[in-house]
Every structure is written in C-alpha cells, then in structure tokens.
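Colleague: What follows is a structure written as structure tokens; I'll ask about it next.
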Amino acid sequence: IGYGTKHTVEGLEPSTSYKFRLKVTSPTGEYTYSPVVSVSTTREPLSGKQLHHAVNMDDEVEVTKVLQSGTVMVDVPDKLGFTPLMVAAQKGFFRLVQILVEHGADVNLQNASGKNSLMLACFAGHLDVIKYLRKCGATWETHDLGGCTAMHWAADGGQMPVISYMINDGCKVDVKDSGSLWTPLMRVSAVTGDADVASLLISAGADVNVKDKDGKTPLMVAALNNHEDLVQLLLEKGADCQIKNEFGAGVIEMAKAFGRQTSWRNCAVLQFQEKQEKDNSSYPCCSGLHS
1 IGYGTKHTVE GLEPSTSYKF RLKVTSPTGE YTYSPVVSVS TTREPLSGKQ LHHAVNMDDE
61 VEVTKVLQSG TVMVDVPDKL GFTPLMVAAQ KGFFRLVQIL VEHGADVNLQ NASGKNSLML
121 ACFAGHLDVI KYLRKCGATW ETHDLGGCTA MHWAADGGQM PVISYMINDG CKVDVKDSGS
181 LWTPLMRVSA VTGDADVASL LISAGADVNV KDKDGKTPLM VAALNNHEDL VQLLLEKGAD
241 CQIKNEFGAG VIEMAKAFGR QTSWRNCAVL QFQEKQEKDN SSYPCCSGLH S
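In full-length UniProt numbering, the protein residues as written are 1 to 291.
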C-alpha cells in the first residue's frame, strides 16, 4: 500500500469478526508482518426488503424498528410497485396502516397501474382502514390508469358496507372510467352480476340506462354475461329495452345472438307488455256502451 495510511477491504460479511496482518517489504526485498489486528464489521443496514417482509407478516414491532432506524424510506416500493402502506391497506392491517401514516407514508401515492391504498382497501372491504385513510386525506377522486375510481373497485369487490359508507361520504356513483366509459353499475353488470350491489348503486342515483362508448347499457351487458337476477332487477328499475347500441342492436337481439334465453325472453315480455299498455291507452274507454 506504499505510503498510504488507510486501506479499504470490500465484500466482507456483516456482523463478522476478521483478523488482518500488514506485510511490510523493504527496498532489499525483505519483509516482515505486523501483529494481528482484529476487526468486526457492523450489522447490515435495515432495508426496504425487510420493511416489506415485516408488513406482510403484520409485525408491528419490526415495522416500527425498521422505520425508526432512519435507513429506509417509508414509501419504498416492492418489486411490484406497492408501497408498505398499499400492502397493509390491502391486507387490512389497521394498526400497521396507522404506524406507516404516522411515519409519513403518503396516503395518495399511486403504483404503476395507478392504484392507491384507498382503492386497494375498498376492493378488499376493509372499512376501518378506509375510514382512517379518508381521515388522513385520501381522496375519492383519484383515477387509476384505466380511469377507475375507488367506487369502481368497491363495486368489483362486492363490498356492500364499504359502498354504503362511500355513498354517505359523498362519493360519486356514476363516474365513468376512461376506457370503455363504464360506471360502477356497468362493471357490476359485466363482472359480478351482484344484484344487491346494483340495487344499492341505483338507489343512490346510478343511471340504469347509461351508455358506454359502444352504446351498450347495463341491461345489455348484464344480459350478455348471463346475469339473470341482475337483468330482472334492471328491468324492474326502469331499464329501457328499446335502446340500441352504436351498431343498431338492442338487448333482445344481443341476448338471442348469444343464446341468453331467459334474459331475452324477460326483455321481450316486458317490451310486449309496454306495447300493450301503450296501445290500450290510445283507445277511449268503451265500457257501458253495450249495457
């Protein structure tokens, strides 16, 4: 090492003892060794990987320990782009959510797909976490990359108590995504067919005849996906069988084309009844003329 006064040894294991000796060589080629010097490496710094492991294990003590070490950012993402708060919110670990927020976690941070902690908690149905995140500034207005809001995700998850809370908290029920222009009711019609969730949304003002970018209505989508109970509910709530999509097809034609027998028959019966009522109302009452 020449005239150097310092030398760095790399690649050592953490929390390990090592022994070193210096070799001193004279100009004539003779050399001697110094006395043995004992050294110990320090413990490996705490990392984001350890924080995420502790969160997934719901280990409050370890999470607090890692955060208090000051060596790890509270919003460090995992390999999927989820922050510790997102993971805790999705799993419903309420106390961990509190600890992370108290240490500065961003409640409105979004991952690569645009989802935030509130959306994840809404889909999973963790109402206590949702209320806490709202108290800490989480907003209903955030959209993910597909344009979906927390209400879309709560509807997808079929989370009735969560949806009721969201409605009472002022969350919009007819917001459209940016892809197909689907409302939460439209997603219920396509994904779960949950008539109870649909009824709750409709009671809060969801439009049963709203159209997506192709002119499809919730009734059409429910019929195509063979959600018979939902089709019946939508008809009872005023869904219009006469509406045509952008290609000129109505729900009866679409249901017949896809073999949805019960759905198209229900729609056809309602359509016939409406026509009969309309025809009857166009004639004056003749009772008593032939007494």
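Quick reminder that beta carbons are idealized off the backbone N, C-alpha and C, glycines included.
Would the beta-carbon of residue 113 fall within 9 Å of that of residue 146?
Modeller: For the purposes of this step, residue 113 is taken as residue 113 along the sequence shown, with counting starting at 1. For the purposes of this step, residue 146 is taken as residue 146 along the sequence shown, with counting starting at 1. Closer than 9 Å, so yes.
Colleague: Does DSSP classify residue 159 as helix, strand or coil?
Modeller: By 1-based counting over the sequence shown, the position of residue 159 is 159. Correct three-state label for residue 159: coil.
Colleague: Between the C-alpha atoms of residue 156 and residue 10, what's the straight-line distance to the nearest angstrom?
Modeller: Within the sequence shown, residue 156 is the residue found at index 156, counting from 1. Within the sequence shown, residue 10 is the residue found at index 10, counting from 1. Distance between the alpha carbons of residue 156 and residue 10 is about 52 Å.
Colleague: Between which two residues does the beta strand (DSSP E) holding residue 23 run?
Modeller: By one-based count along the sequence shown, residue 23 stands at place 23. Taken as a continuous stretch (DSSP letters only), the beta strand (DSSP E) holding residue 23 covers 23-25.
Colleague: Starting from residue 32, trace the beta strand (DSSP E) in both directions and tell me its first and last residue.
Modeller: Within the sequence shown, the letter at position 32 stands for residue 32. That run of the beta strand (DSSP E) goes 31-33.
Colleague: Flag this pair as yes or no: are the beta carbons of residue 111 and residue 86 separated by less than 9 Å?
Modeller: Start at 1 with the first residue of the sequence shown, and residue 111 comes out as number 111. Start at 1 with the first residue of the sequence shown, and residue 86 comes out as number 86. Against a cut-off of 9 Å, the Cβ pair of residue 86 and residue 111 comes out as a contact.
Colleague: By DSSP's criteria, residue 20 is part of a beta bridge. Which residues make up the other side?
Modeller: Locating residue 20 in the sequence shown gives position 20, where the first residue counts as 1. Partner(s): 37.
Colleague: Can you find the residues in the same chain that come closer than 7 Å, C-beta to C-beta, to residue 285, ignoring five residues on each side of it along the sequence?
Modeller: Here residue 285 refers to the residue found at position 285 of the sequence shown. Legend: pLDDT at residue 285 = 48, less than 50; position of this residue unreliable, no value from coordinates given.
Colleague: Could you spell out where the alpha helix (DSSP H) holding residue 122 opens and where it closes?
Modeller: For the purposes of this step, residue 122 is identified with residue 122 of the sequence shown, where counting begins at 1. It spans 117-124 - the alpha helix (DSSP H) in which residue 122 sits, taken as one unbroken run.
Colleague: In angstroms, rounded to a whole number, what distance separates the CA positions of residue 58 and residue 90?
Modeller: Residue mapping note: residue 58 aligns to position 58 of the sequence shown, counting from 1. Residue mapping note: residue 90 aligns to position 90 of the sequence shown, counting from 1. Roughly 12 Å between the two C-alpha positions.
Colleague: How many angstroms separate the CA atom of residue 67 from the CA atom of residue 198?
Modeller: As a first step, residue 67 is located in the sequence shown; it is residue number 67 there, counting from the start. As a first step, residue 198 is located in the sequence shown; it is residue number 198 there, counting from the start. For residue 67 and residue 198, the distance between alpha carbons rounds to 42 Å.
Colleague: In this structure, does DSSP put residue 102 in helix, strand or coil?
Modeller: What you label residue 102 is simply residue 102 of the sequence shown in a count that begins at 1. Reduced to three states, the DSSP call for residue 102 is helix.
Colleague: Just checking, does the stretch 174-189 make contact with the stretch 219-227 on the three C-beta pairs under 8 Å criterion?
Modeller: Output reads yes: the stretch 219-227 touches the stretch 174-189.
Colleague: When DSSP labels each residue in this structure, what does residue 48 get in the three-state scheme?
Modeller: Here residue 48 is taken as the residue at index 48 of the sequence shown, counted from 1. If DSSP states are grouped into helix, strand and coil, residue 48 belongs with the helices.
Colleague: Output the residue ranges of the alpha helix (DSSP H) runs that lie fully inside the stretch 184-221 and measure 4 residues or longer, sorted by chain position.
Modeller: As far as the stretch 184-221 is concerned, its whole alpha helix (DSSP H) runs of at least 4 residues are 184-190 and 195-203.
Colleague: Using CA atoms only, rank isn't needed, just tell me which of 141, 205 and 154 is closest to residue 127.
Modeller: As a working mapping, residue 127 is identified with position 127 in the sequence shown. Taking only the C-alpha atoms, the option nearest residue 127 is 154.
Colleague: Apart from the five residues on each side of it in sequence, which residues of its chain come closer than 7 Å, Cβ to Cβ, to residue 54?
Modeller: Within the sequence shown, residue 54 is the residue found at index 54, counting from 1. If we look at residue 54 and ignore the five residues flanking it on each side, its Cβ neighbours are 62, 63 and 66.
Colleague: Taking residue 235 as the reference, give the member of 246, 245 and 195 with the closest Cα.
Modeller: Along the sequence shown, one-based indexing puts residue 235 at 235. Residue 195 is the option with its Cα nearest to residue 235.
Colleague: According to DSSP, which residues form a beta bridge with residue 232?
Modeller: In the sequence shown, residue 232 corresponds to position 232, counting from 1. Answer by DSSP bridge pairing: none, since residue 232 is not bridged.
Colleague: When you compare only the Cα positions, how much space is there between residue 283 and residue 177?
Modeller: Looking up residue 283 in the sequence shown gives position 283. Looking up residue 177 in the sequence shown gives position 177. Interpretation of residue 283 is limited by its pLDDT of 47, a score under 50 that renders its predicted location unreliable; the figure taken from the coordinates is listed afterwards. One C-alpha to the other measures close to 46 Å.
Colleague: Determine, using beta carbons only, whether residue 46 and residue 34 come nearer to each other than 9 Å.
Modeller: If you number the sequence shown from 1, residue 46 lands on position 46. If you number the sequence shown from 1, residue 34 lands on position 34. Not a contact, by the Cβ cut-off of 9 Å.
Colleague: What number of angstroms, rounded off, separates the C-alpha of residue 230 from the C-alpha of residue 193?
Modeller: As a first step, residue 230 must be located in the sequence shown, where it is residue number 230. As a first step, residue 193 must be located in the sequence shown, where it is residue number 193. Each residue's Cα considered, the two are about 6 Å apart.
Colleague: Report all residues from its chain with a CB closer than 8 Å to the CB of residue 60; omit the five preceding and five following residues, and keep chain order.
Modeller: Residue numbering aside, residue 60 sits at position 60 when the sequence shown is read from its first letter. Same-chain partners within the cutoff: 95, 96 and 99.
Colleague: Within 10 angstroms of the Cβ of residue 257, are there 16 or more other Cβ atoms? Answer buried if so, exposed if not.
Modeller: The sequence position of residue 257 within the sequence shown is 257, counting from 1. Exposed, by the Cβ-count rule.
Colleague: Evaluate residue 173 with the Cβ neighbour count: other Cβ atoms within 10 Å of its Cβ, from every protein chain shown; 16 or more gives buried, anything less gives exposed.
Modeller: The sequence position of residue 173 within the sequence shown is 173, counting from 1. When all chains shown are included, residue 173 counts as buried.
Colleague: Mapping DSSP to helix, strand and coil, what is residue 68?
Modeller: Working through the sequence shown from its first residue, we reach residue 68 at position 68. Correct three-state label for residue 68: helix.
Colleague: Can you tell me whether residue 90 is helix, strand or coil according to DSSP?
Modeller: Locating residue 90 in the sequence shown gives position 90, counting from the first residue. Helix at residue 90.
Colleague: Please work out which residues of its chain come closer than 7 Å, Cβ to Cβ, to residue 124, disregarding the five sequence neighbours upstream and downstream, and give them in chain order.
Modeller: Here the question's residue 124 lines up with position 124 in the sequence shown. Around residue 124: 90, 92 and 157.
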